[in-house]
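Those letters in the sequence shown? Residues 470 to 900, by the working numbering. Where is the CB? At the ideal position from N, CA and C, for every residue including glycine.
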Amino acid sequence: MTNRFTQYILIAMALGIVMGSLVFNYLPDSRVEIAADVNLIAMLFLRLIKMIIAPLVFATLVGGIAHMGSGSKLGRIFAKTMGWFVSASFISLLLGLVMVNLLQPGANFPGTLPAAGQSTGLPVSAFSIEKFLTHLIPTSIADAMAQNEILQIVIFAVFFAVAMGAMPERSKPMLQLIDDLGHIMLKVTGYVMLFAPLAVWAAIMATVSKNGLGVLWKLIVFMGGFYLSLAILWGILVVVGFIVIGPRYSHLLRLIREPLMIAFSTASSEAAYPKTLEGLNRFGASSRISSFVLPLGYSFNLDGTMMYCTFASIFIAQTYHIEMSLGTQLAMLATLMITSKGVAGVPRASLVVIASTLSQFNIPEAGLLMIMGIDTFLDMGRSATNVIGNSLATAVVAKWEGELAPEHELGPDDVVPGDMIPGEIPALGHG
């Protein structure tokens with residue numbers, strides 16, 4: 470089934486490109502309407518994903534933490550996780566900085582530059598330390614779940630699970646209920662993912678129908694440099710994976726190929742969350758670890774987005790012939806390291822981060838208008854990279870904690886949707 474599903478995704482992507490190109494070239498007067506109609510299918514799929522994310526994250530996270538045992542273990546896992554996230558973010562930002570200086574994609578930009586004072590319409594004031602800190606704490610868990618604020622759900626779930634651990638006898642019935650809820654939500658996830666190939670076809674076709682493939686040639690040097698940089702980042706992640714985890718890391722890469730393709734084709738890391746969680750559990754990562762590290766990664770470990778921030782920021786400076794010393798560029802890197810962590814839940818987060826940073830370094834924010842038209846094509850690569858980065862982070866933390874089961878020997882807490890039979894739902898997270 471896994472191999473067939475992968476084939477369905479690839480076929481859907483190819484059909485989307487072909488049909489989108491035909492619409493763009495032969496139905497120019499209707500392509501916007503057709504793109505909107507087809508995109509509705511992709512949007513419905515993303516809404517299905519959003520429908521299951523909050524209860525899935527809450528149930529698996531609470532169940533996992535409650536079975537961890539002592540609070541010191543949770544603190545140790547959190548410290549290791551955040552240490553990895555900060556290191557990975559720094560490497561990603563630094564790689565983007567190095568590559569954009571080596572390739573110089575904006576040095577001889579052939580197009581017309583937007584007027585320096587032109588507005589992008591992006592909420593550049595979206596970030597501040599105060600807003601970030603207040604955003605961490607939900608005013609209501611119901612509101613956090615309604616808005617799919619993953620970071621806020623994580624905060625509440627941690628408090629809830631720790632409180633359950635402090636009352637082991639009273640919490641037994643509740644824990645059993647949450648365990649059952651987690652497995653039911655995983656089963657629902659299996660049903661939702663059946664629609665993934667259709668959504669992939671719709672997302673690709675809508676994008677190509679509206680923009681065509683010709684739009685890519687206008688910024689081919691920028692896009693080529695960015696995807697080359699992504700390829701190098703993938704290479705670094707793969708090498709680190711083999712160093713830390715060993716040869717079996719190739720098995721994880723095979724297991725996450727489906728979420729990689731889903732993230733790439735829909736330009737959404739969130740759409741790949743359920744399949745990524747499934748792949749990690751199949752790989753042998755304890756659900757206690759994967760259900761804790763993966764949601765945090767969606768807020769703090771977006772490797773592809775990090776690299777894009779430095780690459781795009783310096784590219785815009787190059788197009789306007791703004792000289793930036795090494796010290797200034799390193800200061801920009803430090804700024805991006807902080808601001809990029811503070812826009813969880815902000816729409817078009819990477820563009821907002823870049824816009825906010827450009828204004829601090831006297832670089833015209835209007836430069837973003839050059840690349841906003843191809844941002845969906847760029848977001849495809851960013852989203853897929855975020856998936857592989859978070860998968861690696863989860864597997865590494867599981868290895869460090871001794872909770873990575875030997876290959877093909879999953880523990881009782883590592884049940885995934887394809888393994889479950891209705892009416893035979895096992896308890897989540899023993900040990």
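Chain-order list of residues whose beta-carbon lies under 8 Å from that of Glu563 (same chain, five-residue window excluded): Within the sequence shown, residue 563 is the residue found at index 94, counting from 1. Here the sequence assigns Leu to residue 563, which means Glu is not the residue at that position. Closer than 8 Å at Cβ, skipping near neighbours: Thr779 and Leu802.
Ends of the alpha helix (DSSP H) at Thr608? On the sequence shown, position 139 is the one that residue 608 refers to. It is not in any alpha helix (DSSP H) - Thr608 carries neither H nor E in the DSSP assignment.
Which complete alpha helix (DSSP H) runs does the segment 620–708 hold, if anything under 4 residues is left out? 637–662, 665–680 and 684–687
Specify the secondary structure class of Leu873 as computed by DSSP and reduced to three states. In the sequence shown, counting from the first residue as 1, residue 873 sits at position 404. If DSSP states are grouped into helix, strand and coil, Leu873 belongs with the strands.
Ala584 - DSSP class collapsed to helix/strand/coil: As a working note, residue 584 is residue 115 in the sequence shown. Of the three classes helix, strand and coil, the one that applies to Ala584 here is coil, per DSSP.
Distance, Met849 Cα to Ser782 Cα: For the purposes of this step, residue 782 is taken as residue 313 along the sequence shown, with counting starting at 1. For the purposes of this step, residue 849 is taken as residue 380 along the sequence shown, with counting starting at 1. Cα-Cα distance, rounded: 19 Å.
Is the separation between the beta-carbon of Phe695 and that of Tyr777 shorter than 8 Å? Counting from one through the sequence shown, the residue named residue 695 turns up at place 226. Counting from one through the sequence shown, the residue named residue 777 turns up at place 308. Yes.
Give me, in chain order, the residues of the same chain whose beta-carbon lies closer than 7 Å to that of Ala585; leave out the 5 immediate sequence neighbours on both sides. Here residue 585 is taken as the residue at index 116 of the sequence shown, counted from 1. Closer than 7 Å at the Cβ level, and outside the excluded window around Ala585, lie Pro833 and Ala835.
Can you give the Cα-Cα distance for Ser825 and Ile503, rounded to whole angstroms? Position 356 of the sequence shown holds residue 825. Position 34 of the sequence shown holds residue 503. So the alpha carbons of these two residues sit roughly 34 Å apart.
Could you check how far apart the C-beta atoms of Asn859 and Leu763 are, in whole angstroms? I think they sit under 8 Å. Position 390 of the sequence shown, counted from the start, is the residue given in the question as residue 859. Position 294 of the sequence shown, counted from the start, is the residue given in the question as residue 763. Yes, Asn859 and Leu763 are in contact; Cβ-Cβ is about 6 Å, under 8 Å.
Could you work out which residue in Thr804, Leu861 and Thr845 is closest to Gly753 when comparing CA atoms only? The count along the sequence shown starts at 1 and reaches residue 753 at position 284. The shortest Cα separation from Gly753 among Thr804, Leu861 and Thr845 belongs to Leu861.
Since Ala576 is in the alpha helix (DSSP H), which residue starts that stretch and which ends it? Within the sequence shown, residue 576 is the residue found at index 107, counting from 1. Ala576 -> no alpha helix (DSSP H), and no H or E assigned at all.
The segment 676–692 / the segment 840–855 touching (three or more Cβ pairs under 8 Å): yes
Nearest neighbour of Gly565, chosen from Ile712, Leu685, Glu872 and Ile701 [CA to CA]: Within the sequence shown, numbered from 1, the residue matching residue 565 stands at position 96. Cα-wise, what sits closest to Gly565 is Ile701.
Using CA coordinates, which residue listed in Thr863, Ala505, Ser819 and Val856 is at the minimum distance from Asn680? As a first step, residue 680 must be located in the sequence shown, where it is residue number 211. Per the Cα distances, Ala505.
What span of residues does the alpha helix (DSSP H) with Asp772 cover, start to end? Here residue 772 refers to the residue found at position 303 of the sequence shown. Residues Asp772 to Thr788.
Tell me which residue opens and which closes the alpha helix (DSSP H) that Ser719 is part of. Translated into the one-based positions of the sequence shown, residue 719 becomes position 250. Start and end: Tyr718 to Leu724.
Distance cutoff 8 Å, beta carbons only. Does Asn617 sit that close to anything in chain C? Protein chains in the displayed structure number just one, and chain C is not present.
Got a sec? Which residues, its chain only, sit under 6 Å from Ala481 by beta carbon, not counting five neighbours each side? The residue you call residue 481 lines up with position 12 of the sequence shown. The residues are Pro666, Val669 and Trp670.
Where does Ile613 fall in DSSP's three states? If you number the sequence shown from 1, residue 613 lands on position 144. Reading the sequence as shown, one finds Ala at residue 613 and not Ile. Reduced to three states, the DSSP call for Ala613 is helix.
Who are the Cβ neighbours of Pro875 in its own chain at under 8 Å, not counting the five residues just before and after it? Locating residue 875 in the sequence shown gives position 406, counting from the first residue. Gly753, listed in sequence order.
Coil, strand or helix - Ala736 by DSSP: Working through the sequence shown from its first residue, we reach residue 736 at position 267. It is coil, neither helix nor strand.
For the alpha helix (DSSP H) containing Ile521, name the first residue and the last one. Translated into positions along the sequence shown, residue 521 becomes position 52. Ile521 -> alpha helix (DSSP H) spans Arg500 to Ala535.
List the endpoints of the continuous alpha helix (DSSP H) containing Ser942. Beyond the ends of the chain as shown, which are 470 and 900, falls residue 942; an answer cannot be given.
Which first and last residues belong to the alpha helix (DSSP H) in which Leu820 is found? The residue given as residue 820 occupies position 351 in the sequence shown. First-last of the alpha helix (DSSP H) with Leu820: Ala818 to Gln829.
Between the beta-carbon of Leu644 and the beta-carbon of Met633, is there less than 8 Å? Position 175 of the sequence shown, counting from 1, holds the residue named residue 644. Position 164 of the sequence shown, counting from 1, holds the residue named residue 633. In this structure, Met633 lies closer than 8 Å to Leu644 by Cβ.
In this structure, how does DSSP classify Ala481 when only helix, strand and coil are distinguished? Position 12 of the sequence shown, counting from 1, holds the residue named residue 481. It is helical.
Presumed contact (8 Å Cβ cut-off) between Arg751 and Glu872, rounded CB distance: Start at 1 with the first residue of the sequence shown, and residue 751 comes out as number 282. Start at 1 with the first residue of the sequence shown, and residue 872 comes out as number 403. With 8 Å as the limit, Arg751 and Glu872 do not qualify as a contact, their Cβ atoms being about 15 Å apart.
Could you spell out where the alpha helix (DSSP H) holding Ser759 opens and where it closes? Against the sequence shown, residue 759 aligns to sequence position 290. Start and end: Ser756 to Phe769.
In this structure, how does DSSP classify Leu563 when only helix, strand and coil are distinguished? Here residue 563 refers to the residue found at position 94 of the sequence shown. In this structure, Leu563 counts as helix in the three-state DSSP scheme.
Can you give me the C-alpha to C-alpha distance between Pro886 and Ser609, rounded to a whole angstrom? For the purposes of this step, residue 886 is taken as residue 417 along the sequence shown, with counting starting at 1. For the purposes of this step, residue 609 is taken as residue 140 along the sequence shown, with counting starting at 1. Only weak support is given to the placement of Pro886: the predicted model assigns it a pLDDT of 40, under 50, and the value that follows is read from those uncertain coordinates. Straight-line Cα distance between these residues: approximately 30 Å.
Could you tell me if Asp612 is buried or exposed, where buried requires 16 or more neighbouring beta carbons within 10 angstroms of its beta carbon? To locate residue 612, count along the sequence shown from 1; it is residue 143. Exposed: under 16 other Cβ atoms inside 10 Å.
Buried or exposed: Val487, going by 16 or more other Cβ atoms within 10 Å of its Cβ? Residue 487 sits at position 18 when you count from the first residue of the sequence shown. Flag for Val487 reads exposed.
With three or more beta-carbon pairs closer than 8 Å as the criterion, would you say the segment 616–623 touches the segment 708–723? no
With DSSP run on the structure shown, which of helix, strand or coil describes Ser852? Translated into the one-based positions of the sequence shown, residue 852 becomes position 383. Ser852 falls in the helix class under three-state DSSP.
For Ala864, which option in Asp649, Ile725, Leu655 and Phe493 has the closest C-alpha, if you only look at C-alpha atoms? By one-based count along the sequence shown, residue 864 stands at place 395. Selected option, being the one with the closest Cα: Ile725.
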